[in-house]
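Numbering (my numbering), first residue to last: 22 to 485.
Only one structure is covered here, and it is reproduced in the block below.
Written as structure tokens, this is what we have:
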């Protein structure tokens with residue numbers, strides 16, 4: 022067997038088709054040689070995904086997660102470790118001169134503060150005098166709780182030549198793993214092997230959920246290799262964390278009998294998942310598929326990812342909550358507040374109340390039996406609209422299009438609404454709807470869920 026990229030003999034090099042850095046589990050020793058694996062791609066291409074998805078890897082606490090720098094509202098930087106431990110990178114220092122004395126406060130890690138004081142005490146200069154040595158007469162250490170501090174990390178996905186090469190590499194390796202004729206992909210494989218940064222054959226899609234509906238708690242990597250018989254084209258569809266969704270044509274004029282090969286894995290558990298959905302994309306559909314390439318759209322995909330992650334974490338907490346409810350009822354029975362025959366009825370009642378109260382905002386569709394997708398009020402407060410009511414909503418609010426809004430001292434132009442399909446259940450299709458606003462100065466765009474935007478407009482109108 023020969024290497025997919027350089028045609029040298031295969032030498033048993035083990036390859037993760039989805040890179041190990043993003044917890045990919047699909048592996049093969051029959052598609053790439055060790056030189057291409059470790060030198061050509063391992064040094065030049067594969068690291069791009071670990072860098073792009075660093076905040077995602079950190080949020081999921083994957084095995085290779087590293088510390089991530091966050092910033093608070095005052096601009097102070099904190100290093101948050103994989104386990105959640107936070108450390109302020111540089112002490113926050115405030116000075117005040119009182120008579121002949123300098124009063125100052127320092128906030129940060131105790132070890133860093135002590136080191137700072139030692140350095141200041143040994144210096145021959147300070148910020149108030151070039152000749153006076155700083156003499157510390159007294160200091161007091163207090164532990165300050167900062168539970169309400171809001172931390173944020175900058176996260177921006179941009180299309181780069183290395184990302185395009187990496188996606189092509191994944192597609193070609195899965196093609197080889199599927200046992201198809203390597204001669205048919207030779208030209209593309211050579212360009213990828215040569216790290217050709219002019220390669221431009223990837224389309225990013227599924228922003229609107231029309232290619233496929235991602236499950237409400239899904240965190241997965243997906244690859245589908247398909248032969249479209251109408252055009253005789255073999256193409257690949259790839260999802261990474263369900264954030265990057267890419268269409269890549271591989272072979273035109275394919276004449277074999279191959280139909281489809283697919284693989285999907287849960288990113289967190291590594292478990293292989295069934296392919297139980299319809300993929301609505303083919304070469305003939307490309308002209309009508311909503312494609313995108315800007316970091317604002319990737320930002321929206323990231324927002325949807327974090328909503329699915331929150332839904333998953335909420336659902337995973339059910340067992341602990343239900344056990345606590347059962348223990349509470351058993352304790353009340355023991356104290357004589359309830360009788361044993363009330364156990365089942367009371368348990369179901371309290372579980373239903375908990376789910377109803379906590380899932381209405383943010384997680385309305387976690388429990389299928391509740392059928393909250395049929396509740397217009399619940400949909401509304403989650404910025405969701407059923408498909409049969411979507412056009413009526415858009416028509417009723419099209420008067421907003423073209424208006425300017427002052428938001429955080431920026432003038433934003435209301436370009437329109439954008440919807441993405443998030444759920445199909447009980448013959449109901451649910452769309453999440455965003456307001457699309459554009460900064461008039463720099464052209465950057467923001468996607469804001471319509472419900473909080475409308476509520477802000479109401480408050481503004483009532484205050485005038």
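Backbone N, C-alpha and C fix where the C-beta goes; we use that ideal spot for every residue, glycine too.
In this structure, how does DSSP classify residue i when only helix, strand and coil are distinguished?
i	result
residue 207	helix
residue 471	helix
residue 33	coil
residue 266	strand
residue 319	helix
residue 448	coil
residue 329	helix
residue 235	coil
residue 453	strand
residue 437	strand
residue 416	helix
residue 52	coil
residue 431	strand
residue 119	strand
residue 421	helix
residue 273	strand
residue 460	strand
residue 293	strand
By a C-beta neighbour count over all protein chains shown, 10 Å radius and 16 as the cutoff for buried, is residue i buried or exposed?
i	result
residue 413	exposed
residue 424	exposed
residue 233	buried
residue 190	buried
residue 280	exposed
residue 74	buried
residue 370	exposed
residue 380	buried
residue 118	exposed
residue 146	Residue confidence is low: residue 146 scores 49 on pLDDT, short of 50, so the model does not pin down where it sits. No coordinate-derived value is stated.
residue 293	exposed
residue 440	buried
residue 28	exposed
residue 453	buried
residue 331	exposed
residue 22	exposed
Name the two residues that bound the continuous beta strand (DSSP E) containing residue i.
i	result
residue 283	281-287
residue 241	241-249
residue 259	254-261
residue 98	98-101
residue 91	89-92
residue 405	405-407
With residue i as the anchor, note down where its alpha helix (DSSP H) starts and where it stops.
i	result
residue 183	182-198
residue 72	68-73
residue 402	397-402
Confirm, please, whether the CB-CB distance from residue j to residue i is below 8 Å.
i	j	result
residue 210	residue 26	yes
residue 85	residue 291	no
residue 257	residue 226	no
residue 38	residue 54	no
residue 237	residue 376	no
residue 78	residue 188	no
residue 478	residue 469	no
residue 65	residue 216	yes
residue 460	residue 433	yes
residue 224	residue 196	no
residue 199	residue 282	yes
residue 372	residue 335	no
Using 8 Å as the limit for Cβ to Cβ distance, is residue i near chain C?
i	result
residue 215	Considering every chain present, this structure includes no chain C. It has just one protein chain.
Which runs of the beta strand (DSSP E) fall wholly inside the region 331-380 and span at least 3 residues, in chain order? none
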